[in-house]
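**Q** Below are the structure tokens for one structure; questions will follow.
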Amino acid sequence: MAVIDTDALWQVLDGVPDPEIPVVSVVDLGIVRDVTPERVTVTPTYTGCPATLVIEQDIRAALDSAGYRDVRIETVLSPPWSTDWISESGKAKLHAYGIAPPSDARTATCPQCGSVDTEELSRFGSTPCKAQWRCRACLEPFDRFKCH
Amino acid sequence: MATVAADNVLFETLLRLGDDSLILGQRLGEWCGHAPSVEVDLSLANFGLDLIGQATLFLNAAGAVEGQGRDGDKLAFHRDVLDFRNCWLVEQPNGDFAQTMARQFLFSTWQELLFRNLEGSADETIAAIAAKAVKEVRYHAELSAEWVIRLGDGTEESRRRMAEGLEWHWRFVPELFEMDALATEAATRGVGADVSLFRADYDRRVRSVLAEATLAAPKDQRPILGGRRGHHGEHLGHVLAVMQFLPRTYPDAVW
Chain B
328 MAVIDTDALW
338 QVLDGVPDPE
348 IPVVSVVDLG
358 IVRDVTPERV
368 TVTPTYTGCP
378 ATLVIEQDIR
388 AALDSAGYRD
398 VRIETVLSPP
408 WSTDWISESG
418 KAKLHAYGIA
428 PPSDARTATC
438 PQCGSVDTEE
448 LSRFGSTPCK
458 AQWRCRACLE
468 PFDRFKCH
Chain H
576 MATVAADNVL
586 FETLLRLGDD
596 SLILGQRLGE
606 WCGHAPSVEV
616 DLSLANFGLD
626 LIGQATLFLN
636 AAGAVEGQGR
646 DGDKLAFHRD
656 VLDFRNCWLV
666 EQPNGDFAQT
676 MARQFLFSTW
686 QELLFRNLEG
696 SADETIAAIA
706 AKAVKEVRYH
716 AELSAEWVIR
726 LGDGTEESRR
736 RMAEGLEWHW
746 RFVPELFEMD
756 ALATEAATRG
766 VGADVSLFRA
776 DYDRRVRSVL
786 AEATLAAPKD
796 QRPILGGRRG
806 HHGEHLGHVL
816 AVMQFLPRTY
826 PDAVW
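This is the structure:
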């Protein structure tokens, strides 16, 4: 059996989109914690995120179709996922998609017009990882990835 | 309960944790599509989702410890009411929105302190679930406290309803801090929490929020205990009837 190149595995995984926010990959989101020739280690974002199972199935399908049938997928809870694990390119993709990426700033930057004159409408949004915000400048509502 | 079977402590501890989350998650699901506003609807659905997520992890772990082939789904959908180990607080009916928020505030404030404690559990799985979930539970505690304040310090009507909600649930708080033989054994082994350690912190937090809500704490009532040993109120059976109907009617159904 040929030696498995982990760089190639990372590349396959980077092609697996998040089912809820398909503009970013599971690698961008920091869901993939570790890759070895035997095993891909993943961690859920939120405890109750319904996408967790779909993500695992999607990763399995991607690995299988790239010929990595023997690479196992292992789920770990610890250390708990945090938004710090979202890559810089992932944050840029979120912003371009219309979702304000997580940041320590008190207000979000509006992904439509770039204003920082924004306010939180509700701490919970369309998915567990996002809050609902509104821009006071362009008046558009938008999602903000919660700092977590 | 005179003695506790040694190998049963971890299983029962996981059931208590998982059943609290499961039943409250199911209760919150009843609000879906009925909340006062779409934002609140999303909040309650998200709370429920977090809780069901916790329940899945705790009950899967319980099934693994038991080693008889039961997983989280089996434990959730194929146990009868006497086998449930949740506290009385979480099985209480939703009532109106104020009553739901009063219940959530009293529970989530406790659960946040509990999970902080359990992050140091000697059981790696419990520690990992607690560390993961505590970040979410903090949101539940904060948001429900905001509603206690907003409704308590609101109109005459909202104030009356919040006071009634707190009054109703107050009698179920002592159970959260009960240390029976099993809880004591679990704490001694370092896998479960000694809940008495954060009772003072809990009381302080609750009273501070009530003060901000300009509400007096309800008078202490005769505590109602027994949920941890399978003694439940009339409500839990109805919760289970709805929750378990489908998997019991169609046992071979899969997601």
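Those protein sequences? They're chains B and H, same order as listed.
Per my numbering, the first sequence starts with residue 328, numbered consecutively.
Per my numbering, the second sequence starts with residue 576, numbered consecutively.
Backbone N, C-alpha and C define an ideal beta-carbon position, used for all residues, glycine too.
From a predicted model like this one, the values you see are computed outputs, not experimental measurements.
#1: Over what stretch of residues does the beta strand (DSSP E) that includes residue 460(B) continue unbroken?
#2: For residue 787(H), I'd like the list of residues in its chain whose CB is within less than 6 Å of its CB, leaving aside the five on either flank, ordered along the chain.
#3: Please confirm whether residue 704(H) and residue 634(H) have their CB atoms less than 7 Å apart.
#4: Exposed or buried, which one is residue 816(H) when buried takes at least 16 other CB atoms within 10 Å?
#5: Report yes if the CB atom of residue 463(B) is closer than 7 Å to the CB atom of residue 444(B), and no otherwise.
#6: Can you check whether the C-beta of residue 438(B) is within less than 7 Å of a C-beta belonging to chain H?
#7: At least one CB of chain H closer than 7 Å to the CB of residue 472(B): is that the case?
#8: Taking Cβ-Cβ distances shorter than 9 Å, what residues in chain A pair up with residue 459(B)?
#9: Would a check of beta-carbon distances place residue 638(H) closer than 7 Å to chain B?
#10: Please classify residue 576(H): does DSSP put it in a helix, a strand, or coil?
#11: For residue 427(B), tell me which candidate among 390(B), 348(B) and 469(B) has the shortest Cα-Cα distance.
#12: How far does the beta strand (DSSP E) with residue 360(B) in it extend, from its first residue to its last?
#13: Strictly under 7 Å for the Cβ-Cβ distance: is residue 346(B) near chain H by that measure?
#14: Can you name, in chain order, every residue of its own chain whose Cβ lies under 7 Å from the Cβ of residue 588(H), other than the five neighbours on each side?
#15: Would you say residue 740(H) and residue 673(H) are within 7 Å of each other, going by their C-beta atoms?
#16: Counting only Cβ-Cβ distances shorter than 9 Å, please list the residues of the segment 416–439 of chain B near chain H, keeping chain order.
#17: Any chance the segment 682–702 of chain H sits against the segment 821–829 of chain H, with 3 or more Cβ pairs inside 8 Å?
#18: Verify the CB distance criterion: does residue 628(H) have a CB-CB separation below 7 Å to chain B?
#19: Identify the residues that DSSP records as bridge partners of residue 646(H): which are they?
#20: At least one CB of chain B closer than 7 Å to the CB of residue 577(H): is that the case?
#21: Under 7 Å between C-beta atoms, does residue 625(H) make it to chain B?
#22: For the segment 699–723 of chain H, which residues have a CB atom closer than 9 Å to at least one CB atom of chain B, in sequence order?
#23: What residue does the beta strand (DSSP E) around residue 826(H) start on, and which one ends it?
#24: Mind listing the chain B neighbours of residue 632(H)? Cutoff is C-beta to C-beta under 8 Å, in chain order.
#25: Compare the C-beta of residue 621(H) with all C-beta atoms of chain B and state if any pair is closer than 7 Å.
#26: With which residues is residue 427(B) paired in a DSSP beta bridge?
#27: List, in chain order, every chain H residue whose beta-carbon is nearer than 8 Å to that of residue 450(B).
#28: Measuring alpha carbon to alpha carbon, tell me which of 608(H), 606(H) and 709(H) ends up nearest residue 693(H).
#29: Would you tell me roughly how many angstroms separate the C-alpha atoms of residue 398(B) and residue 622(H), rounded to the nearest one?
#30: Quick check on the DSSP output: the alpha helix (DSSP H) that includes residue 789(H) runs from which residue to which?
#31: In chain order, what residues of the same chain have a beta carbon less than 8 Å from the beta carbon of residue 772(H), not counting five sequence neighbours either side?
**A** Walking through what the data contain:
#1: Here residue 460(B) refers to the residue found at position 133 of the first sequence. Annotation: the continuous beta strand (DSSP E) that includes residue 460(B) extends over 457–462.
#2: Here residue 787(H) corresponds to residue number 212 of the second sequence, with the count starting at 1. Non-local C-beta neighbours of residue 787(H) in its own chain, meaning closer than 6 Å and more than five positions away in sequence, comprise 724, ordered along the chain.
#3: Here residue 704(H) corresponds to residue number 129 of the second sequence, with the count starting at 1. Here residue 634(H) corresponds to residue number 59 of the second sequence, with the count starting at 1. Contact flag unset, no.
#4: Here residue 816(H) refers to the residue found at position 241 of the second sequence. Counting Cβ neighbours within 10 Å, residue 816(H) comes out exposed, since fewer than 16 surround it.
#5: Within the first sequence, residue 463(B) is the residue found at index 136, counting from 1. Within the first sequence, residue 444(B) is the residue found at index 117, counting from 1. Yes, the Cβ-Cβ distance between residue 463(B) and residue 444(B) is below 7 Å.
#6: Indexing the first sequence from 1 puts residue 438(B) at position 111. Cβ-Cβ to chain H under 7 Å: no for residue 438(B).
#7: Counting from one through the first sequence, the residue named residue 472(B) turns up at place 145. No, because no Cβ of chain H sits closer than 7 Å to the Cβ of residue 472(B).
#8: Looking for chain A here will not work: the only protein chains present are B and H.
#9: Walking along the second sequence from the start, residue 638(H) turns up at place 63. Residue 638(H) has a beta carbon lying at 7 Å or more from every beta carbon in chain B.
#10: In the second sequence, residue 576(H) corresponds to position 1, counting from 1. In this prediction, residue 576(H) has a pLDDT of 42, which is less than 50 and means its spatial position is unreliable; nothing more can be read from the coordinates.
#11: Along the first sequence, one-based indexing puts residue 427(B) at 100. For the residues 390(B), 348(B) and 469(B), the minimum Cα distance to residue 427(B) belongs to 469(B).
#12: If you number the first sequence from 1, residue 360(B) lands on position 33. For residue 360(B), the enclosing beta strand (DSSP E) has its first and last residue at 359–362.
#13: Start at 1 with the first residue of the first sequence, and residue 346(B) comes out as number 19. Judged by the 7 Å Cβ criterion, residue 346(B) is not in contact with chain H.
#14: Translated into positions along the second sequence, residue 588(H) becomes position 13. Closer than 7 Å at the Cβ level, and outside the excluded window around residue 588(H), lie 761, 766 and 767.
#15: The residue you call residue 740(H) lines up with position 165 of the second sequence. The residue you call residue 673(H) lines up with position 98 of the second sequence. A contact, by the Cβ cut-off of 7 Å.
#16: Listed by position along the chain: nothing, the set is empty.
#17: No contact exists between the segment 682–702 of chain H and the segment 821–829 of chain H.
#18: Here the question's residue 628(H) lines up with position 53 in the second sequence. At least one chain B Cβ lies under 7 Å of residue 628(H).
#19: Within the second sequence, numbered from 1, the residue matching residue 646(H) stands at position 71. Residue 646(H) pairs with nothing; no bridge assigned.
#20: Here residue 577(H) is taken as the residue at index 2 of the second sequence, counted from 1. Low per-residue confidence applies at residue 577(H): pLDDT is 41, beneath 50, and the placement is therefore not dependable enough to give any value.
#21: What you label residue 625(H) is simply residue 50 of the second sequence in a count that begins at 1. Taking CB atoms only, residue 625(H) has a neighbour in chain B less than 7 Å away.
#22: Answer set for the segment 699–723 of chain H: 699, 700, 702, 703, 704, 706, 707, 708, 709, 710, 711, 714, 717 and 718.
#23: Along the second sequence, one-based indexing puts residue 826(H) at 251. The continuous stretches of beta strand (DSSP E) do not include residue 826(H), and DSSP gives it neither H nor E.
#24: Within the second sequence, the letter at position 57 stands for residue 632(H). Residue 632(H) reaches chain B at 374 and 404, counting residues in chain order whose Cβ is nearer than 8 Å.
#25: Indexing the second sequence from 1 puts residue 621(H) at position 46. Yes, its Cβ sits closer than 7 Å to a Cβ of chain B.
#26: Looking up residue 427(B) in the first sequence gives position 100. Checking the DSSP bridge columns, you'll see residue 427(B) partnered with 471(B).
#27: What you label residue 450(B) is simply residue 123 of the first sequence in a count that begins at 1. Under the 8 Å cutoff, chain H gives 618, 714 and 718.
#28: As a working mapping, residue 693(H) is identified with position 118 in the second sequence. Minimum Cα distance to residue 693(H) is reached at 709(H).
#29: Position 71 of the first sequence, counted from the first residue, corresponds to residue 398(B). Position 47 of the second sequence, counted from the first residue, corresponds to residue 622(H). Per the coordinates, the alpha-carbon of residue 398(B) lies some 35 Å from the alpha-carbon of residue 622(H).
#30: Counting from 1 along the second sequence, the entry for residue 789(H) is found at position 214. No alpha helix (DSSP H) contains residue 789(H), which DSSP labels as neither H nor E.
#31: Counted from its first residue, the second sequence places residue 772(H) at position 197. Around residue 772(H): 692.
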